[in-house]
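This report refers to the structure that appears directly beneath it.
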């Protein structure tokens, strides 16, 4: 790829000034990718490469979701660029986690779901995540439990209990995703939730909710009255349904 001309150097400076003043939201998707590519292409015109990548992988998200191997098949993409692009979604999730953990109170299910959706962004297989909350509903820790397939994830109760104890709180939220786009619990989901509520109850941990996510929707078992409750005093399972 040719080195950047003086005209494109001016373009790059104007782009940086625009982002500084108005943010990335002021750019078109291919311009955002062009801007990101500046990081590993300090002396090259990245406009053409951004267009090639968008054409190849469909859109901005598709480029970042592509594997390093696939990215390297695109002319002009070297190992540093491929690694950087592939890492960006993980960096975003890690930043969100660090920015929220122990600081922001999750007062509503919508607030918690917005945070959790960011953790699952780009995931194409079912995954399960346990979130530990303190007494003020602040996130103390996240614990990935297990990866599954595109339509199923199997949970070991001992893994859930171990993660809950590691979280060091008496309140946790279980979450898993449905990549198929349907945010409804299966019969297996409901049965597994009941077993998990009982197992956590035995170690004095309260399952506050079990949330199922898609890319744009969620199902809260607590809000839908599908979440059983374990009475620490009597050892009984109370079912609202």
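Residue numbers (our numbering): 67 to 307. From the three backbone atoms N, C-alpha and C, an ideal C-beta is built for every residue, glycine too. If you're wondering where the values come from, they're calculated on a predicted model, not measured in any experiment.
**Prompt:** Cβ of residue 132 within 8 Å of Cβ of residue 126?
**Reply:** Residue 132 sits at position 66 when you count from the first residue of the chain shown. Residue 126 sits at position 60 when you count from the first residue of the chain shown. It is not a contact, given that the beta carbons lie outside the stated cut-off.
**Item:** Sequence-distant residues of the same chain with beta carbon closer than 8 Å to residue 236, five excluded per side
**Value:** In the chain shown, residue 236 corresponds to position 170, counting from 1. Around residue 236: 270, 271, 272.
**Message:** When you compare the region 170-179 with the region 145-153, are there three or more beta-carbon pairs, one atom per stretch, that lie closer than 8 Å?
**Reply:** The region 170-179 vs the region 145-153: no contact.
**Simplified DSSP assignment, three categories, for residue 292** = Residue numbering aside, residue 292 sits at position 226 when the chain shown is read from its first letter. Here residue 292 sits in coil by DSSP.
**Message:** DSSP three-state label for residue 300, please.
**Reply:** In the chain shown, the residue the question calls residue 300 occupies position 234. Residue 300 falls in the coil class under three-state DSSP.
**Request:** Go ahead and pull the three-state DSSP assignment for residue 284.
**Result:** Reading the chain shown from its first residue, position 218 is the one you call residue 284. Strand.
**Request:** Can you give me the start and stop residues for the alpha helix (DSSP H) that residue 116 sits inside?
**Result:** Position 50 of the chain shown, counted from the first residue, corresponds to residue 116. Here the alpha helix (DSSP H) through residue 116 covers 113-123.
**Prompt:** Hey, is the region 183-199 in contact with the region 285-301, meaning 3+ C-beta pairs nearer than 8 Å?
**Reply:** The region 183-199, when compared against the region 285-301, does not touch it at the 8 Å Cβ threshold.
**Request:** Within its chain, find whatever has a CB closer than 6 Å to the CB of residue 317; leave out the 5 residues flanking it on each side and keep chain order.
**Result:** In the structure as shown, the chain begins at 67 and stops at 307. Residue 317 is therefore absent and cannot be evaluated.
**Message:** If you reduce the DSSP assignment to three classes, tell me which class residue 146 lands in.
**Reply:** The residue labelled residue 146 in the question sits at position 80 within the chain shown. Correct three-state label for residue 146: helix.
**Asked** Can you name, in chain order, every residue of its own chain whose Cβ lies under 7 Å from the Cβ of residue 82, other than the five neighbours on each side?
**Response** In the chain shown, the residue the question calls residue 82 occupies position 16. There are no such residues.
**Message:** Could you tell me the alpha carbon to alpha carbon distance between residue 245 and residue 282, rounded to whole angstroms?
**Reply:** Locating residue 245 in the chain shown gives position 179, counting from the first residue. Locating residue 282 in the chain shown gives position 216, counting from the first residue. When rounded, the separation of the alpha-carbon atoms in residue 245 and residue 282 is 11 Å.
**Message:** To the nearest angstrom, how far is the alpha carbon of residue 238 from that of residue 158?
**Reply:** The residue labelled residue 238 in the question sits at position 172 within the chain shown. The residue labelled residue 158 in the question sits at position 92 within the chain shown. If I take the Cα positions, the gap works out to 23 Å.
**Asked** Quick one, which of 96, 118, 262 has its alpha-carbon nearest residue 274's?
**Response** Here residue 274 is taken as the residue at index 208 of the chain shown, counted from 1. The residue with the shortest Cα to Cα distance from residue 274 is 262.
**Prompt:** With a CB to CB cut of under 6 Å and the five nearest residues on each side skipped, what residues in its chain are close to residue 294?
**Reply:** Taking the first residue of the chain shown as 1, we reach residue 294 at position 228. Taking residue 294 as the centre and dropping the five residues before and after it, the same chain places the C-beta of 260, 263, 303, 305 closer than 6 Å to its C-beta, in chain order.
**Request:** Quick one: grab the DSSP three-state call for residue 218.
**Result:** In the chain shown, the residue the question calls residue 218 occupies position 152. If DSSP states are grouped into helix, strand and coil, residue 218 belongs with coil.
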